[in-house]
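S.K.:
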Amino acid sequence: MKFSACLVALLGAIFSILPAAAAPVDAGHARVELISERDAALPGETIYAALKMDLDNGWHVYWLNAGDAGLPPQVIAQPASDIKASAIGDIVWPLPHLLPVVEGEIMDYGYNDEVVFPFPITIPDDAMGPVTLDVIADYLICEDTCVPEQAHVKLKLETDQSEANIRDGELIGKWIAKSDVPFPGEARVLKKDLDWTLSLRLDGGFGKVRSIRFFPFGHDILHPAEQPVEMGRHGATLSLSAADMTEVSKPLEGVVVIEQDDGSRTGYQISAAEGSPLPDTSGLGPVGGAGLQVAAWKLILLAILGGLILNLMPCVLPVLSMKAFGMVSAVSSGHAGEVRRHGIWYTAGVLVSFGVLAAIIVALRAATGPVTLGFQLQNAPVVAVLTLVMFAVGLWLMGMFELGTSLQNLGSGLADRDGDAGAFFTGVLAAIVGSPCVGPFLGAALGAVMGHSAPVVFTFFLAMGFGLALPFLVLSFVPNLYKLLPRPGKWMDTLKQFFAFPMFLTAAWLAKVLGDLAGSGAVAWTATGAVAIAFAAWLWQREARLPRILAAVTLALTLFGVTERAMAPAPAIGASSAYAAKYEAEPWSAGKVQSLIAEGRPIFIDFTASWCATCQVNKATTLKSKTVHDFFAANDVAFLVADFTRKDPAIAAELARHQRAGVPMYLWYPAGSDEPQVLPEILNQGLVTSLPLTP
């Protein structure tokens, strides 16, 4: 008995000098334990403690922002605790996971299985002897139903020395490493109605990642909505769907979680101010997209092929009528050198224009992010000037003035002989008017090349220009071909005048585009400007000094007045105005698509613009047809229109996400599918009516 009493006393003494290691508390659906990185800490020292939770299979607890439903865990200090509430810091939240409650409708953020919630505590300055941390872990835990639970847990720490708990310290450190860190780059959000674009810029980019997801601190966005990601050379861009109650004045705050291919995750805490997308945060296609794997040499071949096809596009044909006349005129000289020089000047005009276009695209990409082909026709002053240029060319073809002679008399020095300047100018016009017409095989190639380096972009555009100029260049250098052209005669004046009418029609088409961009007032001013140009041409023919001065002044005032009016605020564009009312077309938005997917309806989306000639052909031949209308009506197809006539960052981002550099683009969502099928740029009724209604 005496030995037993001594043993009990000895064990009691041993346990009295060890920190109390409280056993886990079973609160119902989780085992909760309070742990610390130290067994002993000095007075005034701040250390980390943590709630360690082992959850029942299939149950989960919540993150700082629970999502659509739920509450985050809390650590509540009890009156008996030696470490008071004011000495307990905030929980260091590990990176959350998505917790779909109702697929596509309710999304929560939180944790399954095991989770550790570290938090700092400060030992009282006047501590003498052991101190106790006495808290209640209060949390909501859910499976199919949610249950509020509490676990009363304690932790005793000595204060006469500093002693680490290696096992628990490593565990706490591991979970602190799973929390977010400040974002070392810049974040910005563009808020356009309910479609938001979050751009994240980081020098060097994020590398090869499996997924990127934004977890907001508040309820600014729809939690269940997909977040399509577009990669860039120096970051990424996410498309978000805003919630109706969003306060648009505050910055967007939260954590961006990036998951690598090996499953490792990194979280960056961001505060995104409002503004345009950051440069180089898109253009490389979606996460894991195959577009980045396209070899540069293949893109160059596609560019040449696309340039060749541009010769057949309806927006280019009127300009090529000018080139055809110039070629006939060159052949009439009877000198092979004259013919070759004509082809070279035309090719030079095309290549210079495509080179300038590439330079502008590279510069805009660096400054604003995604850039699409056809951006020049989204600018009302540019369209107004092009309208007048096409009209002036028509007047030249009608014989109102001589382009080559006039340029030389002005001392422009653009040509050594009559016709060279005209050939160069024709190449410039072909490039400017033709570049927005993204034809077959060209849209995908452009979408892929936008993510490459500047030299590849320049090479691609020059190759595309070379393809556009190639038919006339070959015709200029192969005698057996150009000798087949008709001989000169009186018919040439008639042919030249005839070619004026396609130019007038092109001017009329551009005037329609201008009306969509800047309203009828801008069109009226441009029509007045066309009359002024005709008047200036008439004055120029007088050949006297005063009339020519008046002509120059008239032209200057005309250009100033027209461009000034074209920059006025534009009226709204009706998204369904390009279609018959029976189609009941609605404006496109990412949020609208998600709601229609949830309804289980098939969706057809037309990414279009009034300046896109291919789009108009597809409307006339297919989308306005009774066959397609009946197919849509019979199958309850939702018809959405993304009108890209004017600049729209959300549409530009969606085009880039599908690796398209311009319109037209057509997307088809079978009923209930959240992954669209990208249709060809050229449509026909059979293709549309044979689309699968289910995945």
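Residue 2 is where the sequence shown starts when you use the numbering used here, and the numbers rise one by one after that.
Glycine residues also receive a C-beta, built at the ideal position from the N, C-alpha and C atoms.
Just so you know, these numbers come straight off a predicted model, no measurement behind them.
Over what stretch of residues does the alpha helix (DSSP H) that includes Ala464 continue unbroken?
M.R.: For the purposes of this step, residue 464 is identified with residue 463 of the sequence shown, where counting begins at 1. Element bounds for Ala464: Ala455 to Phe478.
S.K.: Go to Lys193, then tell me how far its alpha helix (DSSP H) extends in each direction, as first and last residue.
M.R.: Here residue 193 is taken as the residue at index 192 of the sequence shown, counted from 1. That residue, Lys193, is in no alpha helix (DSSP H); its beta strand (DSSP E) goes Glu187 to Lys193.
S.K.: Whole angstroms are fine: how far does the CA of Leu99 sit from the CA of Gln686?
M.R.: The residue given as residue 686 occupies position 685 in the sequence shown. The residue given as residue 99 occupies position 98 in the sequence shown. Taken atom to atom, the span from the alpha-carbon of Gln686 to that of Leu99 is near 42 Å.
S.K.: Is His343 helix, strand or coil when you go by DSSP?
M.R.: Sequence index remark: in the sequence shown, residue 343 carries index 342 (1-based). In this structure, His343 counts as helix in the three-state DSSP scheme.
S.K.: Going by other Cβ atoms of all chains shown within 10 Å of its Cβ, with 16 needed for buried, is Ile361 buried or exposed?
M.R.: Position 360 of the sequence shown, counting from 1, holds the residue named residue 361. Exposed, by the Cβ-count rule.
S.K.: Straight-line CA distance for Asn58 to Lys157?
M.R.: The sequence position of residue 58 within the sequence shown is 57, counting from 1. The sequence position of residue 157 within the sequence shown is 156, counting from 1. Cα-Cα distance, rounded: 30 Å.
S.K.: Does the ligand MG have even one heavy atom less than 7 Å from the beta-carbon of Pro681?
M.R.: As presented, the structure is devoid of all ligands, the ligand MG included, so that no description of it is given.
S.K.: Might you give, ordered along the chain, the residues of its own chain that have their beta carbon closer than 7 Å to the beta carbon of Lys627, omitting 5 neighbours on each side?
M.R.: To locate residue 627, count along the sequence shown from 1; it is residue 626. Result list for Lys627: empty, nothing under 7 Å.
S.K.: Which residue marks the beginning of the alpha helix (DSSP H) containing Ala86, and which one marks its end?
M.R.: As a working note, residue 86 is residue 85 in the sequence shown. Where Ala86 is concerned, there is no enclosing alpha helix (DSSP H), given that its DSSP letter is neither H nor E.
S.K.: Across the segment 212-231 and the segment 163-176, are there enough close Cβ pairs to call them in contact, namely three or more that are closer than 8 Å?
M.R.: no
S.K.: Give me, in chain order, the residues of the same chain whose beta-carbon lies closer than 8 Å to that of Ala349; leave out the 5 immediate sequence neighbours on both sides.
M.R.: The residue you call residue 349 lines up with position 348 of the sequence shown. Closer than 8 Å at Cβ, skipping near neighbours: Phe425 and Gly428.
S.K.: Helix, strand or coil: how does DSSP classify Val383 here?
M.R.: Position 382 of the sequence shown, counting from 1, holds the residue named residue 383. If DSSP states are grouped into helix, strand and coil, Val383 belongs with the helices.
S.K.: Who are the near neighbours of Pro681 in its chain, counting only those whose CB is closer than 6 Å to its CB and skipping five residues on each side?
M.R.: Here the question's residue 681 lines up with position 680 in the sequence shown. Hits under 6 Å: none found.
S.K.: Would you kindly work out how many angstroms separate the C-alpha atoms of Thr555 and Leu389, rounded to a whole number?
M.R.: As a working note, residue 555 is residue 554 in the sequence shown. As a working note, residue 389 is residue 388 in the sequence shown. C-alpha separation (whole angstroms): 13 Å.
S.K.: With DSSP run on the structure shown, which of helix, strand or coil describes Asn113?
M.R.: If you number the sequence shown from 1, residue 113 lands on position 112. When secondary structure is reduced to three states using DSSP, Asn113 falls in the strand class.
S.K.: Taking the continuous beta strand (DSSP E) assigned at Ile48, which residues delimit it?
M.R.: The sequence position of residue 48 within the sequence shown is 47, counting from 1. Residue range Thr47 to Leu56 is occupied by the beta strand (DSSP E) that includes Ile48.
S.K.: Which residues share a DSSP beta bridge with Pro183?
M.R.: Numbered from its first residue, the sequence shown carries residue 183 at position 182. Beta-bridge pairing by DSSP links Pro183 to Gln270.
S.K.: Quick check: what's the CA-CA separation for Pro287 versus Ala651?
M.R.: Counting from 1 along the sequence shown, the entry for residue 287 is found at position 286. Counting from 1 along the sequence shown, the entry for residue 651 is found at position 650. Computed Cα separation, rounded: 15 Å.
S.K.: Using 8 Å for Cβ pairs, my map puts Ala67 next to Pro73. What's the rounded Cβ distance?
M.R.: The residue given as residue 67 occupies position 66 in the sequence shown. The residue given as residue 73 occupies position 72 in the sequence shown. Correct: roughly 6 Å between the Cβ atoms.
S.K.: Taking Thr690 as the reference, give the member of Arg32, Ala654, Leu396 and Thr623 with the closest Cα.
M.R.: Taking the first residue of the sequence shown as position 1, residue 690 is located at position 689. Looking at the Cα atoms, Thr623 is the closest of the given residues.
S.K.: Which of helix, strand or coil does DSSP assign to Trp176?
M.R.: The sequence position of residue 176 within the sequence shown is 175, counting from 1. In the structure shown, Trp176 sits in a helix (DSSP, three-state: H, G or I).
S.K.: Do you know how far the Cα of Phe462 is from the Cα of Leu358?
M.R.: Numbered from 1 along the sequence shown, position 357 holds the residue referred to as residue 358. Numbered from 1 along the sequence shown, position 461 holds the residue referred to as residue 462. Using only the alpha carbons, I get a separation of about 8 Å.
S.K.: Straight-line CA distance for Ser477 to Leu430?
M.R.: Residue numbering aside, residue 477 sits at position 476 when the sequence shown is read from its first letter. Residue numbering aside, residue 430 sits at position 429 when the sequence shown is read from its first letter. Taking the straight line from one Cα to the other gives about 19 Å.
S.K.: To the nearest angstrom, report how far apart Ile301 and Ala464 are at their CA atoms.
M.R.: Position 300 of the sequence shown, counted from the start, is the residue given in the question as residue 301. Position 463 of the sequence shown, counted from the start, is the residue given in the question as residue 464. Distance between the alpha carbons of Ile301 and Ala464: 6 Å.
S.K.: Would you kindly work out how many angstroms separate the C-alpha atoms of Glu164 and Gly170, rounded to a whole number?
M.R.: Locating residue 164 in the sequence shown gives position 163, where the first residue counts as 1. Locating residue 170 in the sequence shown gives position 169, where the first residue counts as 1. Taking the straight line joining both Cα atoms gives about 11 Å.
S.K.: To the nearest angstrom, how far is it from the Cα of Gly130 to the Cα of Ala41?
M.R.: Start at 1 with the first residue of the sequence shown, and residue 130 comes out as number 129. Start at 1 with the first residue of the sequence shown, and residue 41 comes out as number 40. Going by the C-alpha atoms only, they are around 10 Å apart.
S.K.: Classify His235 as helix, strand or coil using the three-state DSSP reduction.
M.R.: Working through the sequence shown from its first residue, we reach residue 235 at position 234. Coil, per DSSP.
S.K.: Let me know the secondary structure DSSP gives Gln162 once reduced to three states.
M.R.: Along the sequence shown, one-based indexing puts residue 162 at 161. Reduced to three states, the DSSP call for Gln162 is coil.
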